[in-house]
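These protein sequence lines are chains A and B, in that order.
Going by UniProt numbering, the first sequence opens with residue 1, and the numbers climb by one from there.
Going by UniProt numbering, the second sequence opens with residue 1, and the numbers climb by one from there.
Built from N, CA and C at the ideal position, the CB exists for glycine as well.
Values in this document were obtained by computation on a predicted structure and should not be read as measured data.
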Amino acid sequence: MPTEARSSGWGFAVPRRAVVGLATVGGALLLWWLATSGLRLLNPLRLPSPQEVWAAFSQISTGQGYGGATLWQHALHSLWLVAKGFAVAVATGIPLGLLMGWSRRAEALINPIFLLLRPIPALAWIPLAIVWFGLGDTGKVFVIWLTAFVPSVINAFTGVRGVDPVLIAAARTQGASTAQVIRHVVVPGAMPMIFTGLRLSLQASWTTLVAAELVGAFFGLGRVLNVAGQDIFPGMILVGMAAVAACGAATTWLLGRAERRVVNWRPAV
Amino acid sequence: MSEIVFEGVTRRFPLPRGGEFLAIDRIDLRIEEREFVAIVGPSGCGKTTLMRMAAGLDFPTDGRVLVGGKEVTGPGPERAVVFQQFALLPWKTVRENIGFGLMCKRTPKAEADAAIARYVELMGLSGHEDSFPHQLSGGMQQRVAIARAYVMQPAALLMDEPFGALDAQTRIVMQEELVRLARRNPRTVIFITHAVDEAIYLADRVVVMGRNPGRIIETIDIRPLREDGGWEAMPIEEVMDTPAFTHMRSRIWKLLKAREQERPAAPAPIPATVPAK
């Protein structure tokens, strides 16, 4: 947990941290400008100057864009693929993890297959996904699903196993049925762990998406990176990298909001 | 009818490295309807296991446990349990925790709300209805757990060292409140504790247990002391200062100590897998 999450009792410390952070970023930008444009220490084909990056950003943001579409179209396309793959993974992985956590029999049945597939990195599935689904969206959603599925299952499973047995006993003594125990005790108890899994899933989903788009795609941020690499256009490469980072950060932020809404009962960390 | 009867109850636990641990050896005990029985004993004497068997959370290896004439086959809302660790649902508010059992049996909302409000008031929880458990002190959390037990109007109340996790002052306040509640709302109660004071002050009868294996050493009726001494009208600290009380305390201490010295060598092999607690 980052320390800046502490919101109370810090007086001036929080604003000062922000100021220091801004100064660091500003300093780094200045150094970048000096090294590339100001003092010309670096070859612009290796590291472009801030102005070149800005020019690349202007080019891709307007008109014809770059790599077949504007930045917004590429970004939306990538976001949409991640959202689809992630949603399918959540909808399948969490119920499966909950089931395996709750029922030893289900665990005994499913775990061997899971242990067999788990060591295969999601990226290694990309060639097979292309063979099966081609270079279109389906194959990418498929590999993102595989990527996000594993942490979803494992964390839901671990979350269920971590629920205090006394809470389950207490619910039972109050007359709760199995369905009520699962709904009111097991699922909420596993929820913090489930969200930890979702955060991991989401980060991994972006990695996989970029890799899959680098291999071959008609749209998307990975395609921007790929085309810019082939064109030897460093400014555009940096724009693509920054766009991937921004999209990843935005989705992580959204997930954090969802977590605070769902897990609203925990003491502030 | 809600008398609790243990008939030749034996409980063995398998040990992780093979063999068995005899936790409870042929216990016979009858707790009458609306009787408050405290069970005292050293750790490892099986007192918690005994309570869990009445709750339906554990089962005898031999013998039977009957509540109201029926053999216990599982947990049920007519036997409310108060746990040492409070066992409140952290994601539910005080109101939702107290109302959980009522919700499970689909009590109409108006009726449930009225019952919850009554126990919130009775347990001094007013103003905390919408707090989450982590926002309350230990004493307040245990008040919620007791309210949650009483709101079900259970025939029997099973308490497993309910004040064991509280500090000394809170403990005394809670003991007085429990006596007040128990007199107003008499139930069949099993109260597990290792605090001898607490047992004498609260109970109609005190059951003294020993370990290796867990068994009943003696059962002592406290009612004559309470009635002759007029304890009901006295504050707890005065009750605990009366000669009758201190005499009873020494008597029970001696019982516990004598049994420990009888078998000094063998420390209780408490299996790591005991599902209690």
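- In the pairwise beta carbon analysis, the stretch 209-220 of chain A is classified as not touching the stretch 39-50 of chain A: fewer than three pairs are separated by under 8 Å.
- With contacts defined by Cβ atoms closer than 8 Å, A/L79 and A/C247 form a contacting pair.
- Contact check for B/A149 and B/V67: beta-carbon distance about 15 Å, past the 8 Å limit, so the pair fails to qualify.
- According to the DSSP assignment, A/P234 belongs to no beta strand (DSSP E) but to the alpha helix (DSSP H) extending over 234-262.
- Those residues of the stretch 204-227 of chain B placed with their C-beta closer than 7 Å to a C-beta in chain A do not exist.
- The beta carbon of A/W253 does not come within 8 Å of any beta carbon belonging to chain B, so the residue lies off that interface.
- With contact defined as three or more Cβ pairs closer than 8 Å, the stretch 212-228 of chain B and the stretch 23-31 of chain B are in contact.
- Pairing B/I4 with B/T188 gives a Cβ-Cβ distance under 8 Å.
- Per the coordinates, the alpha-carbon of B/P224 lies some 10 Å from the alpha-carbon of B/R205.
- Under the DSSP definition of a beta bridge, A/V160 lacks any partner.
- Looking only at A/A258, A/W253, A/G240, A/R199, the smallest Cα-Cα distance to A/F57 is reached by A/G240.
- At least 8 Å separates the CB of B/V94 from every CB of chain A.
- If you check the CB distance, A/A170 and B/A147 do not come in under 8 Å.
- B/E129 and A/E259 have their alpha carbons spaced roughly 24 Å apart.
- Closest in C-alpha terms to A/Q230, from the list A/Y66, A/P121, A/W102, A/P95, comes A/Y66.
- Restricting attention to A/G256, A/V160, A/V153, the CA atom closest to the CA of A/V181 is found in A/V160.
- Shown in chain order are the members of the stretch 184-197 of chain A whose Cβ falls below 9 Å from a Cβ of chain B: H184, V185, P188, G189, M191.
- Every candidate beta strand (DSSP E) stretch fails here, since none sits fully inside the stretch 110-164 of chain A while reaching 3 residues.
- For A/W265, at least one C-beta of chain B is nearer than 8 Å to its own C-beta.
- Within chain A, the C-beta atoms nearer than 7 Å to that of B/Q85 come from V166, in chain order.
- Residue state for B/P213 is assigned as coil, using DSSP reduced to three classes.
- By DSSP's assignment, B/F21 forms a beta bridge with B/F13.
- By the neighbour-count definition (other C-beta atoms within 10 Å, threshold 16), B/Q175 is a buried residue.
- For B/G63, the uninterrupted beta strand (DSSP E) segment begins and ends at 62-67.
- Of all alpha-carbon atoms in B/D160, B/A233, B/P60, the one lying nearest the alpha-carbon of B/R183 is that of B/A233.
- In the displayed model, B/A165 falls within coil according to three-state DSSP, outside both helix and strand.
- C-alpha of B/V207 to C-alpha of B/F21: approximately 22 Å in a straight line.
- Using a 10 angstroms sphere on the CB of A/N43, the tally of other CB atoms stays under 16, which defines it as exposed.
- DSSP, reduced to helix, strand and coil, places A/D231 outside both helices and strands of the structure shown, so it counts as coil.
- Around the beta carbon of A/Q51, a 10 Å sphere encloses fewer than 16 other beta carbons of the protein chains shown; the residue is thus reported as exposed.
- A straight-line Cα-Cα distance of about 19 Å links A/A83 and A/V262.
- By the rule that beta-carbons nearer than 8 Å mark a contact, B/W91 touches chain A.
- Note on geometry: alpha-carbon atoms of B/G74 and A/L109 lie some 28 Å from one another.
- The continuous stretches of beta strand (DSSP E) do not include B/D197, which lies in the alpha helix (DSSP H) extending over residues 196-202.
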